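Remarks on the structure that follows.
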Amino acid sequence: MIRAVLAVLLSVALFAAVVPGIDEARRSRTATHLDGVTDRIERTVHSLRAHEDPTRPSVSGARRIVRVSLPARSWSAAGASLRIEGDEDRVGYRLDGRPPRWTTLRGIDLRTPAGPVVLERPGRHRLVVSLVRDRGVGVVIARR
């Protein structure tokens, strides 16, 4: 009986020692994935701006589709959300309710006509990135 109790206590102590490392690895892995997503959005915006001609907002023209996946919270991934703010010209993500990590797109007039684009649900999402000429040249990002 004493051996069983000691084995359970030892198992609980080992589990308690390991959990913080698992949490940190989960956040680190998810942050690396979302850094790549942010970088892909930024590259798409700059490429569109450098290689295409802007059109009026009502005209279909230069655009790119960016596919984004948010991982489901699991043993290997932290809960995450992605946010694109046109007013601030920035893209950011938040892990497990922690403060967001932002990337400002310098030299870009980023626009999100329907307000900030927020992706919170795990799974695949599509973003449409368009180059428009309306009150100057801007890059519009919207969900599809």
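The numbering of the sequence shown is numbering that gives the first Met the number 0, which starts it at 0 and goes up by one. Virtual Cβ for every residue (Gly too), placed ideally from N, Cα, C. The structure displayed is predicted, hence computed values, not measured ones.
**Study point:** Best match in Ala61, Val138 and Asp95 for proximity to Arg105 [C-alpha to C-alpha]
**Key:** Residue 105 sits at position 106 when you count from the first residue of the sequence shown. Checked all of Ala61, Val138 and Asp95; the closest Cα to Arg105 is Val138.
Check your understanding: Along the chain, where does the beta strand (DSSP E) that runs through Leu130 open and close?
Key -> Numbered from its first residue, the sequence shown carries residue 130 at position 131. Following the DSSP letters along the chain, one finds Leu130 inside the beta strand (DSSP E) bounded by residues Gly122 to Arg132.
Check your understanding: Of all the options Leu81, Arg134, Glu41 and Arg82, which has the alpha carbon lying nearest to the alpha carbon of Arg63?
Key -> Here residue 63 corresponds to residue number 64 of the sequence shown, with the count starting at 1. Measuring from the Cα of Arg63, the nearest candidate turns out to be Glu41.
Check your understanding: Does the separation of the CB atoms of Asp52 and Leu130 fall below 9 Å?
Key -> On the sequence shown, residue 52 is found 53 positions in, with the first residue counted as 1. On the sequence shown, residue 130 is found 131 positions in, with the first residue counted as 1. Yes, the Cβ-Cβ distance between Asp52 and Leu130 is below 9 Å.
Exercise for review: Just mark Val148 as buried or exposed, buried being the case when its beta carbon has 16 or more other beta carbons within 10 Å.
Suggested key: It is not possible to answer for residue 148, since the shown part of the chain is limited to 0 through 143.
Exercise for review: Report the rounded CA-to-CA distance for Glu84 versus Ile21, giving the unit in angstroms.
Suggested key: Locating residue 84 in the sequence shown gives position 85, counting from the first residue. Locating residue 21 in the sequence shown gives position 22, counting from the first residue. Cα to Cα, Glu84 sits roughly 31 Å from Ile21.
Point to revise | alpha helix (DSSP H) runs contained entirely in the region 47–116, provided each spans 4 or more residues | key: Counting whole runs of 4 or more residues, the region 47–116 contains no alpha helix (DSSP H) stretch at all.
Review point. How far does the beta strand (DSSP E) with Gly135 in it reach, from first residue to last?
Key: For the purposes of this step, residue 135 is taken as the residue at position 136 of the sequence shown. Counting along the chain, Gly135 falls outside any beta strand (DSSP E), and DSSP gives it neither H nor E.
Point to revise | Three CB pairs or more closer than 8 Å across the region 22–42 and the region 63–76 | key: As far as the Cβ criterion goes, the region 22–42 touches the region 63–76, which means the pair count is three or higher.
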